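Residues in the sequence shown are numbered consecutively from 5, following our numbering. Let me begin by presenting the structure, written as structure tokens, before commenting on it.
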Amino acid sequence: MLQRERADYAGCAAICRQLGEPLIGTAPTAAVGWLLIEHPGPWPAFGLPQDVPVPIARFADHALEHGVRTQLIRRPDRTGRQIGAPTVMVGGGAPGHRWLERRTLTDPQALGELDPARIARSSPPGFGTPVDTALLVCTHGRREVCCAKFGGPVARALAARFGPVVWETTHVGGDRFAANLVVLPTGAYYGRLDPDDAVRVAEAALSDRVALDRFRGSAGLPAAAQAAECLLRRALGAVEESAVRYVDQRDDDGEAHGSDTAAEDQSASAAYRVHRVRFDVTGLGAHTVTLARHEATCPRLTSCSAGTVETPTGYRLLGIAGPLADPAGARMVTAGA
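Spelled out as structure tokens, the structure:
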């Protein structure tokens, strides 16, 4: 049993912090678009509140079938509980070409202008005014108490520093990584933030840079590709958001190879899943990251509210092929789905 360092660190997020669990490869893989609906709360643990207009709820259900993730949002201060016509934002586009648009929704039927099947691959549809950046902090306490405990202070700190680009939001995935921050339109996920870290990460994001020490991955990419992107950016020191672009991924079943440590790990798990992920790096050309996925050896509480205990997925960096020489030695990293 883990020792609790302080009473306010109890819960799945505390365990994650105490273990120093790596963050990489943990952003949602299915989120290829976004529907943000301003709502004052209270927010139910699951689904939409009953007072959300029927046309909006129907569109949200339809959009989810196409990978468009719905988030309820509100301002972090008390004005966030006083809403007339709600703000609605829609985002999508392919990696490297993602967009976000905003409008005040006076007519819920207006969402009918959009085809959710095209959001992930389309250019901006002209639904509303273009938005450069939205910062979403999960504070969804009814879904996960750790998100309210850690997310609330982060949301307030960011709002005090950055004002109207900051929103509280519902569950974003990865309860144990609270406080979680999502940057749109890029879909970059950051986790295990405290208020000071969050301000630093947000400053980087607003300058189109990636804070690698808190980066969970880019939503909409396969988990292994997210992990590979994180490892490649670290190896290259590539912090510019646009510097690394995912191309494709090839997966092979087989045994891990490389260091003596890899051979030792095979005694616990003989079968590894090997991923080869290609990226285009600005100024450096094509790079291929090879990494192996396996189960970590330490089950842990991953959600307090659900009482879920899981064994997260681990990744071993096997090599980077490209103009940069491979980093010396393979490293073990652990990441959850």
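We put the beta carbon where it would ideally sit given N, CA and C, even for glycine. These numbers were taken from a predicted model, which means no experiment stands behind them.
CA-CA distance, residue i and residue j?
{"i": "Ala138", "j": "Gly311", "result": "31 Å"}
{"i": "Gln253", "j": "Gln230", "result": "11 Å"}
{"i": "Leu185", "j": "Arg320", "result": "26 Å"}
{"i": "Glu21", "j": "Val281", "result": "Note on identity: in this sequence residue 21 is Arg, with Glu being the wrong assignment. Roughly 29 Å separates the two Cα atoms."}
{"i": "His279", "j": "Leu322", "result": "10 Å"}
{"i": "Leu4", "j": "His43", "result": "Residue numbering for the chain in the displayed model covers 5 to 341; residue 4 lies beyond these limits and cannot be assessed."}
{"i": "Phe154", "j": "Arg79", "result": "17 Å"}
{"i": "Val158", "j": "Thr306", "result": "20 Å"}
{"i": "Val187", "j": "Val170", "result": "10 Å"}
{"i": "Ala242", "j": "Cys234", "result": "10 Å"}
{"i": "Arg213", "j": "Val58", "result": "39 Å"}
{"i": "Thr174", "j": "Arg220", "result": "18 Å"}
{"i": "Ala325", "j": "Val293", "result": "6 Å"}
{"i": "Ala164", "j": "Thr110", "result": "28 Å"}
{"i": "Cys16", "j": "Arg160", "result": "22 Å"}
{"i": "Gln113", "j": "Ala61", "result": "11 Å"}
{"i": "Ile19", "j": "Leu115", "result": "41 Å"}
{"i": "Asp198", "j": "Ala183", "result": "7 Å"}
Identify every residue that forms a DSSP beta bridge with residue i.
{"i": "Glu245", "result": "Looking at the DSSP assignment, Glu245 forms no beta bridge with any residue, so it has no partner."}
{"i": "Ser222", "result": "Ala192"}
{"i": "Gln75", "result": "Leu40"}
{"i": "Ile324", "result": "Val293"}
{"i": "Ala138", "result": "Leu188"}
Can you tell me whether residue i is helix, strand or coil according to DSSP?
{"i": "Gln22", "result": "helix"}
{"i": "Leu52", "result": "coil"}
{"i": "Leu197", "result": "coil"}
{"i": "Leu210", "result": "helix"}
{"i": "Asp119", "result": "coil"}
{"i": "Gly95", "result": "strand"}
{"i": "Ala17", "result": "helix"}
{"i": "Cys308", "result": "coil"}
{"i": "Leu109", "result": "coil"}
{"i": "Gly156", "result": "helix"}
{"i": "Ala124", "result": "coil"}
{"i": "His279", "result": "strand"}
For residue i, tell me which candidate among the options has the shortest Cα-Cα distance.
{"i": "Arg107", "options": "Leu235, Val92, Ile324, His101", "result": "Val92"}
{"i": "His70", "options": "Asp81, Pro32, Pro44, Asp119", "result": "Asp119"}
{"i": "Pro316", "options": "Gly326, Ala325, His298", "result": "His298"}
{"i": "Val72", "options": "Asp284, Tyr193, Leu39, Thr110", "result": "Leu39"}
{"i": "Ala239", "options": "Val285, Ser222, Pro226", "result": "Val285"}
{"i": "Ser222", "options": "Ile87, Gln75, Ala98", "result": "Ala98"}
{"i": "Ser309", "options": "Cys151, Glu245, Pro168", "result": "Cys151"}
{"i": "Pro189", "options": "Leu236, Pro128, Glu148", "result": "Pro128"}
{"i": "Leu23", "options": "Arg125, Leu225, Arg180, Cys142", "result": "Arg180"}
Strictly under 9 Å for the Cβ-Cβ distance: is residue i near chain D by that measure?
{"i": "Ala202", "result": "Absence of chain D from the displayed structure is noted, only one protein chain being present."}
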